[in-house]
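Using our numbering, the letters of the sequence shown correspond one by one to residues 20 to 342. Every residue gets a Cβ at the ideal spot worked out from N, C-alpha and C, and that includes glycine.
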Amino acid sequence: MTDLRFHAILFGVVLIATYFTWNREISYGQADILRVWDRDSTDVLAIAYQISEVEVRIERRTDQAGDFFWGTETVGGDEPRTTDFPVGGPGRNLVHQLAGLRTVRDLGPLSTEMMTTFGIADSSDRLAVQFRDGQRELVLGDQVYGAEQRYAYEPATGMGHVLPRDIMTPLSNGQEAVRERLVHRFDGEDLARVRVHLGGTVRTMSRLGDTGEWAEPGSPAPDVPFGTFMQRVGQLAIQGFAVRPGPDARVLVRLEYLGSDDEPLGFMELLRDDGREADPYFVLTETTRVPAQAMTFLAVRVDEWLGGVATGGARGGLELSEL
């Protein structure tokens with residue numbers, strides 16, 4: 020009886036060890052990494068991920084500022100909804116990972132029986148990467164039991180793979196995982212001056228060292244209300260890209276950020292669409308490329324402080340103690 024109990028416990032330990040060995044995210048040394056393909060991210064033109072009634076696409080585009088990645092997410096069957104958005108840091112990292120696609124496990128050539136077992140045989144889910152010289156496509160199968168990994172099969176090679184969590188999770192989460200979230204990307208330490216366009220006037224202010232204070236050019240005296248305004252502007256955040264402002268939306272204020280030699284670092288426009296009952300504020304910056312919905316309570320804090328920015332006084336009798 021004791022021997023039977025011992026062997027039962029030993030068998031359970033082996034099963035648990037086997038489970039965690041199969042499902043763990045393996046940490047590879049650079050020389051040991053298993054690749055489905057290995058290309059440079061500069062060769063990637065587009066990525067398409069399609070499951071059920073959701074399609075996420077990331078493509079390389081170019082404008083006067085250079086190359087960038089743009090995303091679209093289409094959700095729904097009969098009446099699909101499409102959201103287009105700039106791709107942020109996590110999305111660019113995903114492009115880099117898909118350029119040199121790592122596999123958690125090389126399953127080798129898949130038989131018909133294996134393809135059925137792994138949920139690949141009848142799957143319509145796809146992941147495709149368009150390179151400059153051609154496309155690589157994977158058929159996505161079931162999720163690995165107990166792990167955020169998926170079985171995959173490349174028809175062109177007949178090989179099966181297990182794709183890692185750090186690839187599958189952002190793809191599954193769609194635009195919320197890969198969209199731009201930063202209002203600006205320039206280093207705040209490089210900011211020396213700001214030019215504010217407001218109500219037909221232009222006001223240029225200089226930053227006083229690293230104190231976070233601002234003053235008229237050449238003046239050592241900080242302008243406290245303007246410093247409060249800049250602090251509030253710096254807190255603006257992107258809510259999303261699902262909605263665009265209407266044609267009657269107006270620009271409340273435009274800021275141009277300048278370096279020590281007056282070189283442009285970036286810009287920001289705060290817009291308000293009075294035709295919207297809720298969430299009427301939008302921001303347009305060098306990173307968004309299109310107006311993005313702003314978090315309303317943060318945008319209101321900027322809006323209520325605009326009256327004194329052009330003249331240098333606080334708006335509406337607000338006292339500094341109310342900040």
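Delimiting residues of the alpha helix (DSSP H) encompassing residue i
i: residue 244; result: 243-253
i: residue 198; result: Where residue 198 is concerned, there is no enclosing alpha helix (DSSP H), given that its DSSP letter is neither H nor E.
i: residue 136; result: 131-136
DSSP bridge partner residues for residue i (one or two, in chain order)
i: residue 224; result: 213
i: residue 181; result: 124 and 170
i: residue 259; result: 312
i: residue 304; result: 287
i: residue 91; result: 76 and 103
i: residue 147; result: 67 and 156
i: residue 82; result: 85
i: residue 54; result: 121
i: residue 275; result: 214 and 286
Close-in-space but distant-in-sequence residues of the same chain around residue i (CB under 8 angstroms, 5 per side omitted)
i: residue 210; result: 226, 276, 277, 278 and 284
i: residue 86; result: 79 and 80
i: residue 64; result: 78, 79, 149, 150 and 151
Neighbourhood of residue i by C-beta distance below 6 angstroms, restricted to the same chain and skipping five residues each side
i: residue 201; result: 306
i: residue 74; result: 93
Closest Cα partner of residue i within the set the options
i: residue 174; options: 93, 212, 128 and 219; result: 128
i: residue 78; options: 84, 254, 271 and 92; result: 92
i: residue 195; options: 109, 265, 243 and 233; result: 109
i: residue 136; options: 205, 159 and 193; result: 159
i: residue 219; options: 97, 102 and 328; result: 328
i: residue 123; options: 232, 162, 90 and 255; result: 162
i: residue 198; options: 224, 152, 222 and 257; result: 257
i: residue 193; options: 224, 64, 63 and 68; result: 68
Residue span of the beta strand (DSSP E) that contains residue i, given as start and end
i: residue 264; result: Note, residue 264: premise wrong, no beta strand (DSSP E); not H, not E.
i: residue 116; result: Segment 108-118 is the alpha helix (DSSP H) holding residue 116; no beta strand (DSSP E) there.
i: residue 156; result: 153-162
i: residue 232; result: 232-234
i: residue 66; result: 63-70
Sequence-distant residues of the same chain with beta carbon closer than 7 angstroms to residue i, five excluded per side
i: residue 12; result: Residue numbering for the chain in the displayed model covers 20 to 342; residue 12 lies beyond these limits and cannot be assessed.
Task: Three-pair Cβ contact test at 8 angstroms for the region 240-250 versus the region 183-192 - done: no
TODO: Report yes or no: do three or more beta-carbon pairs, one from the region 56-67 and one from the region 119-131, lie closer than 8 angstroms?
DONE: yes
Open item on the list: Could you check whether the region 316-331 touches the region 286-301, counting it as contact only if at least three pairs of C-beta atoms, one from each stretch, sit closer than 8 angstroms?
Closed with: yes
Open item on the list: Count Cβ pairs between the region 138-147 and the region 158-169 that sit closer than 8 angstroms; are there 3 or more?
Closed with: yes
Open item on the list: Tell me whether the region 297-312 and the region 259-277 touch, counting them as touching only if at least three CB pairs, one residue from each stretch, are closer than 8 angstroms.
Closed with: yes
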